[in-house]
Amino acid sequence: MDETLLMMIAISILVAAVIGWKSGIATALMEIAAGVIIGNIFPIELPELVNTLSELGLITQMFMAGLEIDLSFLKQKGKESIKIGIISYTIPFAVIGLAVYILFDLSFQQTILFSLALSTSSVGIIYTILRRKGILGPRRKLILSSIMVTEFISMVILGLYYSDITWTVLAVLFFIILATLGYGYLQKSYHPFQESTTENISIKFILAILLIAEFLASGSGVDVILIVFILGMLLAKYVEDHATLKNEIEAISFGFLTPIFFFATGFGISLTEFGGVFWQVAALVTISFSITFIVTYLVAKKNFQKRARITAILFNAPMSIGIVAATIGIEKGIIDHQQYLILLGTVVISSLIAILLGRYPEDKLKITKPAS
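Under the working numbering, the residue at position 91 of the sequence shown is numbered 215, and the numbers go up by one with no gaps.
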């Protein structure tokens with residue numbers, strides 16, 4: 125049965141990718157949908173191999189989130205990005221936190237988890253939407269850099285608040301930073317690292333660091349999320365400057381590991397159980413989407429004018445960080461299964477609405493008629 129299930133998983137992930145590509149809907153949403161369908165048709169446990177690959181998918185997903193935080197990109201519109209990002213994050217964070225605390229009678233720790241999951245947006249998804257219209261112009265760069273700020277804040281809170289900051293954590297972080305800096309020094313100092321093989325060495329180096337970080341973290345009970353996120357930030361500029369390396373990392377991550385993670389996420393969702401929390405999800409989607417839209421629209425009007433509405437919609441796609449937050453919450457026992465379904469359902473539906481309504485329009489060009 126394991127071989128048959130593995131084949132169905134592979135085929136369903138491939139079909140999800142094709143549908144996502146053809147429809148323009150984020151592939152991750154299609155992969156979750158595929159997991160929901162297969163999981164409800166065959167209510168069995170996933171093979172251990174799939175669970176292991178799913179854990180690696182979670183790690184690579186956070187590494188990719190770190191890569192998306194391009195510090196040099198932020199510097200171009202630093203003041204405006206930080207202003208828009210912080211305001212559009214903190215006010216919804218507080219309002220959503222108050223709402224879930226009252227409506228669902230959550231603890232403080234659960235409230236923070238819900239707030240950080242729903243107050244951010246996914247850089248990866250929004251970049252794909254904005255990039256469809258060609259090279260990013262100043263306005264689209266500002267939108268993306270502002271969303272980077274919200275994703276960064278959520279990752280820092282998630283990594284620090286829900287991890288045990290011990291000497292072991294600091295040792296792992298120090299090791300990763302030292303290894304990364306040391307590798308950069310070797311590339312600049314020694315001829316072999318400047319040849320065409322550098323991308324092959326680099327991808328192996330990155331994979332080795334990720335596996336070592338996971339081994340050290342799991343062996344000491346340390347959460348690996350913050351570690352790989354920081355690793356991604358440290359390597360962002362280097363990866364961006366090496367197109368081949370970036371393509372290889374994306375192929376391993378988006379083409380293999382993260383699809384399994386999203387599929388496994390959907391596989392664990394029972395439609396019957398989800399039906400029992402549908403109205404809670406609908407209420408939370410309404411609250412979180414509305415407050416984020418209103419706050420972002422008001423702060424974006426000054427910078428984007430005609431694009432303020434689209435910008436406010438795009439800030440409502442918490443796909444990546446939201447799913448990771450829900451996964452960490454259920455695995456650490458912070459939230460129960462019902463709360464997990466509510467949070468996950470809200471994240472997915474909000475992201476779907478943002479993707480469908482947030483199609484960024486092409487800029488209208490003024491065409492001057494030739495003189496007669």
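Beta carbons are placed, not taken as given, at the ideal position from N, Cα and C, and that holds for glycine.
Buried or exposed for residue i, please, with buried defined as at least 16 other CB atoms from any protein chain shown within 10 angstroms of its CB.
i: N427; result: buried
i: A134; result: exposed
i: K456; result: exposed
i: V142; result: exposed
i: M232; result: The sequence given here has Phe at residue 232, not Met. Exposed, because fewer than 16 other Cβ atoms sit within 10 Å of the Cβ of F232.
i: A406; result: exposed
i: E98; result: Outside the shown range of the chain (125 to 496) lies residue 98, about which nothing can therefore be said.
i: F402; result: exposed
i: L138; result: exposed
i: L170; result: buried
i: M186; result: buried
i: M95; result: No information on residue 95 is available, as it lies outside the stretch 125 to 496 that the chain covers here.
i: L334; result: buried
i: G400; result: exposed
i: T176; result: exposed
i: L153; result: buried
i: T128; result: exposed
i: E155; result: buried
Return the chain-ordered list of same chain residues with a C-beta closer than 8 Å to the C-beta of residue i, the five sequence neighbours on each side being excluded.
i: F217; result: S239, L240, S243
i: L331; result: I376
i: T274; result: G209, S212, Y213, S243, T244, S245, F439
i: E192; result: V247, G248, Y251, M272, E275, G356, A360
i: K425; result: A432
Using a Cβ-Cβ cutoff of less than 7 Å, which residues in the same chain neighbour residue i once the five nearest sequence positions on both sides are dropped?
i: I437; result: F417, A478, L481, G482
i: I327; result: L369, E372, I373
i: A450; result: A241, Y464, L467, L468, V471
i: L237; result: A449, G453, I458, I459
i: T420; result: S212, T435, A436, F439
i: I473; result: V405, V409
i: P316; result: Because P316 sits at a pLDDT of 48, beneath the cut-off of 50, its placement in the model cannot be relied upon, and the point is left open.
Once DSSP output is grouped into helix, strand and coil, what is the label at residue i?
i: P171; result: coil
i: L266; result: helix
i: S231; result: coil
i: T214; result: helix
i: N164; result: helix
i: P442; result: coil
i: H461; result: helix
i: G181; result: helix
i: A150; result: coil
i: I393; result: coil
i: K456; result: coil
i: G482; result: coil
i: V273; result: helix
i: V419; result: helix
i: T252; result: helix
i: S243; result: coil
i: I473; result: helix
i: I327; result: helix
i: V352; result: helix
i: V363; result: helix
i: I411; result: helix
i: I193; result: coil
i: G345; result: Caution is warranted here: a pLDDT of 45 is assigned to G345, below 50, making its placement in the model unreliable, and no coordinate value can be reported.
i: I401; result: Strictly speaking, residue 401 in this sequence is Val, with Ile absent from that position. V401 falls in the coil class under three-state DSSP.
Between which residues of its own chain and residue i is the CB-CB distance below 6 Å, once the five residues before and five after are set aside?
i: S246; result: A441, M443, S444
i: I281; result: L240
i: V219; result: I415
i: K370; result: V363
i: N249; result: Strictly speaking, residue 249 in this sequence is Ile, with Asn absent from that position. Contacts found: A150, A441, M443.
i: I89; result: Because residue 89 is not part of the residues shown, which for the chain are 125 to 496, the question remains open.
i: S475; result: A441, M443
i: S270; result: S205, I208, G209
i: L230; result: V224
i: L422; result: none
i: S136; result: A158, I162
Below 8 Å, can you find three or more Cβ-Cβ pairs linking the segment 222 to 239 to the segment 388 to 397?
Short answer: they don't touch.
Segment contact flag, the segment 155 to 171 with the segment 355 to 367, C-beta cutoff 8 Å, min 3 pairs:
no
So, does the segment 454 to 472 touch the segment 201 to 210, judging by three or more C-beta pairs under 8 Å?
Touching, no.
Taking 8 Å as the cut-off, does the segment 175 to 187 touch the segment 370 to 383 (at least 3 CB pairs, one atom from each stretch)?
yes
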